[in-house]
Amino acid sequence: MQIDIYSDPHLYDAAHIWKTNDIEFITNCALEYGGPILEMASGTGRLAIPLINKGFNYTGVELSKPFVEFTKKRLEPIKGNHDIIQGDMKSIDLNKKYKFIFIGFNAICHLLTNKELSKFFSCVYTHLMDGGSFLIDTFVPNPIFLYRPKKKTHVVEFDLPNGESCAINEINQYDPDTQINHIKWFFESSKVDEFLFDMHMIYPDTMDRLLNESGFIIHDKLGGYDKSLFSSESHLQIYLCTK
7 MQIDIYSDPH
17 LYDAAHIWKT
27 NDIEFITNCA
37 LEYGGPILEM
47 ASGTGRLAIP
57 LINKGFNYTG
67 VELSKPFVEF
77 TKKRLEPIKG
87 NHDIIQGDMK
97 SIDLNKKYKF
107 IFIGFNAICH
117 LLTNKELSKF
127 FSCVYTHLMD
137 GGSFLIDTFV
147 PNPIFLYRPK
157 KKTHVVEFDL
167 PNGESCAINE
177 INQYDPDTQI
187 NHIKWFFESS
197 KVDEFLFDMH
207 MIYPDTMDRL
217 LNESGFIIHD
227 KLGGYDKSLF
237 SSESHLQIYL
247 CTK
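Numbering (my numbering), first residue to last: 7 to 249.
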């Protein structure tokens, strides 16, 4: 059966329960740059919670209506100034400016063309205070991953919301002309469900160019959450930009 994990926040969270290694890094950046904070593609509130708990004025923008509804309920018990807004991060107008804007955990790869990236950067630029900071956290495209044999590769094992064990295996088909990686996830438990999604493979030279064209100044370019400088060996590309 075809499923959409972006319509099922409980399944999404279960499948990504392992993702915690960026929380301290993002929180420390927020402490350094200050609020108010805007997170683009805010998901199910994974990064919102530690930031709100630190006392930041936080706004999240998320396209998925089920994610927005889920996150609002999730944040209800947490005291603080926070809001989750459904909208398109390429074009939303919040009529407010923020000191720190970020997009985490590869979410930028859902912008499938350079034109969409430029629109997104323009939207961020509009919402960023003068002297404010903009952070991007995503992976570096890996040819070994993109051009691997067309057979299932294991991704992760986790427990479904009903407690049943599930394994995700995947196959992919990369189109070098469009730089789109077409991915199929197989959720294999007592049944097999399939989830199809596309990701834009954004190479560092493209990111550099589009950020510069959008008016951003790249202040730092890191290769990991340990704040190591970006190099040809880096698996992550983390941009810290100013306006």
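Positions of the beta carbon are idealized from the N, C-alpha and C atoms, including for glycine.
Subject >> CA nearest to the CA of residue 199, picked from 55, 238, 174, 121 >> reply: Sequence index remark: in the sequence shown, residue 199 carries index 193 (1-based). Out of 55, 238, 174, 121, 174 has the C-alpha closest to the C-alpha of residue 199.
**OP:** Have a look at the DSSP bridge pairing and note the partners of residue 178.
**Re:** Translated into the one-based positions of the sequence shown, residue 178 becomes position 172. Paired residue(s): 189.
Subject >> Residues sharing a beta bridge with residue 159, DSSP >> reply: For this step, residue 159 is matched to residue 153 along the sequence shown. Its beta-bridge partners are 176.
Subject >> Ranges of the alpha helix (DSSP H) found wholly within the segment 16-42, counting only runs of at least 4 >> reply: 29-39
Subject >> residue 152, DSSP secondary structure in three states >> reply: Walking along the sequence shown from the start, residue 152 turns up at place 146. Helix, per DSSP.
Original post:
Secondary structure at residue 104, three-state DSSP: helix, strand or coil?
Top reply: Position 98 of the sequence shown, counting from 1, holds the residue named residue 104. Correct three-state label for residue 104: strand.
Subject >> Whole-angstrom distance between residue 235 and residue 71, CA atom to CA atom >> reply: As a first step, residue 71 is located in the sequence shown; it is residue number 65 there, counting from the start. As a first step, residue 235 is located in the sequence shown; it is residue number 229 there, counting from the start. So the two alpha carbons sit approximately 37 angstroms from each other.
**OP:** Identify every run of the beta strand (DSSP E) within the segment 69-125, keeping only runs that are complete inside it and at least 3 residues long; order them along the chain.
**Re:** 88-92, 104-109
Original post:
Looking only at its own chain, which residues have a Cβ that is under 6 angstroms from the Cβ of residue 123, when we skip the five neighbours before and after it?
Top reply: Counted from its first residue, the sequence shown places residue 123 at position 117. Contacts found: 117, 216.
Subject >> Identity of the residues DSSP links to residue 164 by a beta bridge >> reply: Taking the first residue of the sequence shown as position 1, residue 164 is located at position 158. Looking at the DSSP assignment, residue 164 forms a beta bridge with 172.
Original post:
At which residues does the beta strand (DSSP E) containing residue 204 begin and terminate?
Top reply: Indexing the sequence shown from 1 puts residue 204 at position 198. Unbroken beta strand (DSSP E) run through residue 204: 198-206.
**OP:** Have a look at the DSSP bridge pairing and note the partners of residue 139.
**Re:** Translated into the one-based positions of the sequence shown, residue 139 becomes position 133. 106, 248.
Subject >> Start-to-end residues for the alpha helix (DSSP H) that takes in residue 226 >> reply: As a working note, residue 226 is residue 220 in the sequence shown. Not the alpha helix (DSSP H): residue 226 falls in the beta strand (DSSP E), residues 223-228.
Original post:
Do residue 35 and residue 134 have their C-beta atoms within less than 8 angstroms of each other?
Top reply: If you number the sequence shown from 1, residue 35 lands on position 29. If you number the sequence shown from 1, residue 134 lands on position 128. Not closer than 8 angstroms, so no.
**OP:** Identify whether residue 131 lies in helix, strand or coil by the three-state DSSP scheme.
**Re:** The residue you call residue 131 lines up with position 125 of the sequence shown. In this structure, residue 131 counts as helix in the three-state DSSP scheme.
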